[in-house]
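Chemist: Got a structure for you, questions after.
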Amino acid sequence: MGSNLVARNVTNPTLTPVLPAPGNGNGTAIIVAPGGGFEMLSMTEEGFAVAEWLAWRGIAAFVLKYRLNETPVSTDEWRKASAERMKNLTKDNGEREREATPAPAVADFVAAIRLVRTQAEQWGVDPGRVGILGFSAGAMLAIAAGNLEDADIRPDFIAPIYPPMWSREIPHYEPPLFLAIALDDGLFASGGRPLDYLNDLQASGKPFEAHLYQSGGHGFGMEGNGAASALWAEEFYAWLEDRALLVAGSGYSVQSTSIADLLNDPAARAVLDKYLPGFADNPQTRMAASLSLQKLQSYAPQMISEKNLQDIQAELDTL
């Protein structure tokens, strides 16, 4: 790959569409968020190279150049200051400063999601299949966007790639999530750093998939820095297929879709409320959130009947 275009001191955010060839789009849209510690953006390796790959696979990609923290104008001065900051981030057995994601950058994500959904027809995308794929700092922003309570500005799925792995609260409405990180990541995984985020996701019952590579370091981008980590993009695409995020319609099934997924979608939750009053708010439902309705029915036929399953599936097919 050629030289990597880097952006710093961004004060005017931009969203650049990279669209599939006419007739090749599948309707899915992904906002791509490069990383760079909120000081710079890796626009080529974690931006346009990713977007071009997605567009080649039929996904409408949008590279977001979001606002950053101010850094010295001189490249030499910036590199010196950045090197000192990196030393502070990796000391004390890998415990890094837990700075909040900058509010302007989060606002840029919200604006990007709104724009893609507003212009969905123009760009040939489904406003119900808008996701975020973010790297490092961009992964932090993807997670922050996934935690937004307002469904109108929350993405439909998120993919944080080598994010910080510290513990987080997982809201009940967090969208489906794909995660990839190398275990020799010098910032977020190696040196005995705990992978608490995975434990939180697992305990939440929310749908997620995680790929942990033995090697690849931090910032492996599209090329992976290794044979296994280079496969993350293909595995991400396979995950999108598994979750029916590359096809029109909800793709929900009483046989295979988790209860957590159904409750996460307001339209699907309304179907459950119609045929299973009180089910969504039952504390026992959360305990079984990783199961499908059919599997739960086999365990608790007194709670869900076969007729319930048939009626629910018929309405899910219309979403």
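At the far end of the sequence shown sits residue 324, using the numbering used here, and the numbering has no gaps.
Quick reminder that beta carbons are idealized off the backbone N, C-alpha and C, glycines included.
Just so it is clear, the structure is predicted and the values come from calculations on it, not from any experiment.
1) In the DSSP assignment, find the beta strand (DSSP E) that holds Phe241 and state where it starts and stops.
2) If you measure between the beta carbons of Leu200 and Ala208, is that distance less than 8 Å?
3) With DSSP collapsed to three states, give me the class of Phe53.
4) Where does Thr16 fall in DSSP's three states?
5) What's the C-alpha gap between Tyr71 and Ala305?
6) Give the DSSP bridge partners of Ala187, in chain order.
7) What is the DSSP secondary structure of Phe1, reduced to helix, strand or coil?
8) Assuming Thr175 contacts Phe140 under a Cβ cut-off of 8 Å, what Cβ separation, rounded to an integer in Å, is found between them?
9) Would you check if the segment 179–194 and the segment 214–224 touch, i.e. whether three or more CB-CB distances between them fall below 8 Å?
10) Beta carbon of Glu239, beta carbon of Lys211: below 8 Å?
11) Measuring alpha carbon to alpha carbon, tell me which of Asn17, Ala34 and His216 ends up nearest Glu75.
12) With DSSP collapsed to three states, give me the class of Ser297.
13) Nearest to Leu146 by alpha carbon, out of Val68, Ala185 and Ala110?
14) Below 8 Å between beta carbons: does that hold for Leu69 and Asp113?
15) Skipping 5 residues on each side, what residues in its chain have a beta carbon closer than 6 Å to that of Ile64?
16) With DSSP run on the structure shown, which of helix, strand or coil describes Lys279?
17) Using only alpha-carbon positions, find the residue among Gly28, Glu320 and Arg134 that is nearest to Ala273.
18) Between Leu314 and the rest of its own chain, which residues show a CB-CB distance below 8 Å, the 5 nearest in sequence each way excluded?
19) By how many angstroms is the C-alpha of Arg84 removed from the C-alpha of Asn14?
20) For the beta strand (DSSP E) containing Met292, name the first residue and the last one.
21) Compare the C-alpha of Ala233 against each of Arg248, Ser263, Asn269 and Ile186 and name the closest.
22) Please classify Met48 as buried or exposed, where buried requires at least 16 neighbouring CB atoms within 10 angstroms.
23) According to the Cβ coordinates, are Ala149 and Arg159 closer than 8 Å?
24) Hey, quick one: how far does the beta strand (DSSP E) through Leu138 stretch, first residue to last?
25) Taking 6 Å as the limit between beta carbons, can you name the residues of its chain near Gly231, skipping five residues before and five after?
26) Determine whether the beta carbon atoms of Leu20 and Ala108 lie at a separation below 8 Å.
27) Specify the secondary structure class of Ala165 as computed by DSSP and reduced to three states.
28) If I'm right that Tyr257 touches Asp316 with Cβ under 8 Å, what's the distance once you round it to whole angstroms?
Modeler: To lay it out plainly:
1) DSSP places Phe241 in no beta strand (DSSP E) but in the uninterrupted alpha helix (DSSP H) bounded by Trp237 to Asp247.
2) no
3) It is helical.
4) coil
5) 49 Å
6) Tyr218
7) Any answer about residue 1 is impossible in this case: the structure gives the chain only from 6 up to 324.
8) The sequence shown places Ile at residue 175, rather than the Thr named in the question. No, Ile175 and Phe140 are not in contact; Cβ-Cβ is about 21 Å, not under 8 Å.
9) When C-beta atoms of the segment 214–224 are compared with those of the segment 179–194, three or more pairs fall below 8 Å, so the two segments count as touching.
10) no
11) Asn17
12) Reduced to three states, the DSSP call for Ser297 is strand.
13) In terms of Cα proximity to Leu146, the closest of Val68, Ala185 and Ala110 is Ala110.
14) yes
15) Result list for Ile64: Thr33 and Ile35, in chain order.
16) helix
17) Minimum Cα distance to Ala273 is reached at Glu320.
18) So the list reads Val259, Leu298, Gln299 and Gln302, once near-sequence residues are dropped.
19) Taking the straight line from one Cα to the other gives about 14 Å.
20) No beta strand (DSSP E) holds Met292; the alpha helix (DSSP H) holding it covers Pro288 to Met292.
21) Ile186
22) buried
23) no
24) Val135 to Phe140
25) Ser220 and Gly221
26) no
27) One point to set straight first is that residue 165 is Pro, not Ala, in the sequence displayed. DSSP places Pro165 in strand when its eight states are reduced to three.
28) With a Cβ gap of about 14 Å, Tyr257 and Asp316 do not count as contacting.
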